[in-house]
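Residues 1 to 322, numbered by UniProt numbering, are exactly what the sequence shown covers, in order.
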Amino acid sequence: MERRQVGTSGLRVSALGLGTMTWGRDTDEVDAADVLRTFLDAGGDLVDTAASYADGDAERVLGGLLAGRVDRDDVVIVTKAGVRHGLEGARRDASRGGLLGELDASLGRLGTDHVDLFLVACPDPVTPLEETVSALRLAVTSGRARYVGLSNHPAWASARAATLLADDGVGLAALELEYSLLQRGLEREIAPAAAALGLGVLAWSPLGRGVLTGKYRRSVPATSRAASDHLAGFVAQYLEDAAAAAVVEAVATAADGLGRAPLEVALAWLLDRPVVASAVVGARTPAQLKGTLGALDLALPQEVRGALDDVSAIEVGYPERW
């Protein structure tokens, strides 16, 4: 598998990343071990997790695998902090104390003394960005994280954080956001900012929350996320959108013409976009993961890529081709 540079930083990661949002909840340790081994054997190394995934259980599962089955040096661990769950539900907390406390807890669950990339999961409307940045700086200077970045932040915050961290050489390395043929919003401001500032983009939900696989074209499979009580709303946004349906049909038509699977076409389109360092896929089984690996050798013809650019830009509301 191709390894890509994350922006202009020294961090290099596999073109496909392995997401762990379902680990410890829908994916047990046995299945997680099989998925991780399949991923590593294919040449992958980026494993994306978060303190909030399954209330920390995703990190515990990964930590258990690192303790007994996988060499720590074989994986690039990305984790996120900044969302706390309590009696009143989830709340954002990107304060210095909150972020560093969560990072320490994550390191304990993962059984390691550092993560390779530490991200702030989302903007905090209360904490000043300067304080959040100070936590990222300390995460690096204390050795807890090798690189730092932001997840789901607007372009202005990303640019400001990059500027603040550039002053002392720590640097901002990465931005993690949703990006797919069904969600191209980051192309308006985030992508140009990332290119100008030397930041790499990690794309989450590169298959449009599973919709771009085409499995929802006729019905909702009983084992799918859309049929899950806690994930149905996550997928419904695209299932109920006529514009998204037009994009899915275009991907399916392209896949038929190329003799490939729709998910391979969707991933190949994304991996060819500027600034994308890695596409993070959330495979729950080795079979699902093997399906995504087929995209790695697919080079889309220019006319197919152009057609997908057009239908997703027009139908999903992006005003012009990037």
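Cβ coordinates follow ideal geometry from the N, Cα and C atoms, glycine included.
Through-space distance from residue j to residue i, alpha-carbon basis
| i | j | result |
| --- | --- | --- |
| W156 | A196 | 13 Å |
| A166 | L117 | 17 Å |
| M121 | V311 | It should be noted that the sequence gives Ala, not Met, for residue 121. Roughly 31 Å separates the two Cα atoms. |
| D74 | D309 | 36 Å |
| S106 | G257 | 45 Å |
| K80 | G64 | 18 Å |
| A139 | A159 | 19 Å |
| A268 | L298 | 6 Å |
| A277 | G89 | 33 Å |
| P125 | G82 | 12 Å |
| L202 | L129 | 21 Å |
| G101 | V170 | 20 Å |
| G56 | G108 | 10 Å |
| A261 | T127 | 44 Å |
| residue 386 | G198 | Examination of residue 386 is not possible in this model, given that the chain is present from 1 through 322 alone. |
| L186 | L40 | 29 Å |
| E303 | L175 | 30 Å |
| L263 | A242 | 19 Å |
| E131 | L177 | 22 Å |
| A33 | T163 | 40 Å |
| A54 | A307 | 39 Å |
| residue 325 | D168 | Summary: the structure shown does not reach residue 325, with the chain confined to residues 1 through 322, and so no result is reported for it. |
| A161 | R184 | 23 Å |
| S142 | G214 | 46 Å |
| G43 | H114 | 22 Å |
| L16 | Y216 | 23 Å |
| L289 | V211 | 16 Å |
| G200 | A295 | 20 Å |
| V35 | G7 | 27 Å |
| L136 | A246 | 41 Å |
| A313 | S180 | 11 Å |
| V76 | V13 | 7 Å |
| G97 | L270 | 36 Å |
| L110 | A236 | 32 Å |
| P123 | G291 | 34 Å |
| A50 | L99 | 12 Å |
| M1 | G208 | 22 Å |
Limits of the unbroken beta strand (DSSP E) element including residue i
| i | result |
| --- | --- |
| Q5 | 3-5 |
| E178 | 174-178 |
| L117 | 115-120 |
| G291 | Taken as a continuous stretch (DSSP letters only), G291 belongs to no beta strand (DSSP E), being part of the alpha helix (DSSP H) at 286-293. |
| R91 | 89-92 |
| S278 | 276-281 |
Classification of residue i by the beta-carbon crowding that lies within 10 angstroms, buried from 16 upward
| i | result |
| --- | --- |
| P206 | buried |
| D93 | buried |
| D45 | buried |
| G24 | buried |
| H153 | buried |
| E59 | buried |
| T27 | buried |
| R72 | exposed |
| A255 | buried |
| R69 | exposed |
| D104 | exposed |
| A287 | exposed |
| R91 | exposed |
Span of the alpha helix (DSSP H), counted from its first residue to its last, around residue i
| i | result |
| --- | --- |
| V304 | 302-315 |
| residue 338 | Because the chain in this structure spans residues 1 to 322, residue 338 falls outside the shown range and cannot be described. |
| S142 | Looking at the DSSP string, S142 is not in any alpha helix (DSSP H), and its letter there is neither H nor E. |
| A159 | 155-166 |
| L197 | 190-197 |
| G208 | Element bounds for G208: n/a, residue is neither H nor E. |
Hey, which unbroken runs of the alpha helix (DSSP H) at 4 residues or more fall wholly within the stretch 13-85?
Here the runs fully enclosed are 29-41, 57-68.
Secondary structure, beta strand (DSSP E): runs of 3+ residues fully inside the stretch 228-267
none
Decide if the stretch 272-284 is in contact with the stretch 10-20; the criterion is three or more beta carbon pairs, one per stretch, under 8 Å apart.
Segments in contact, yes.
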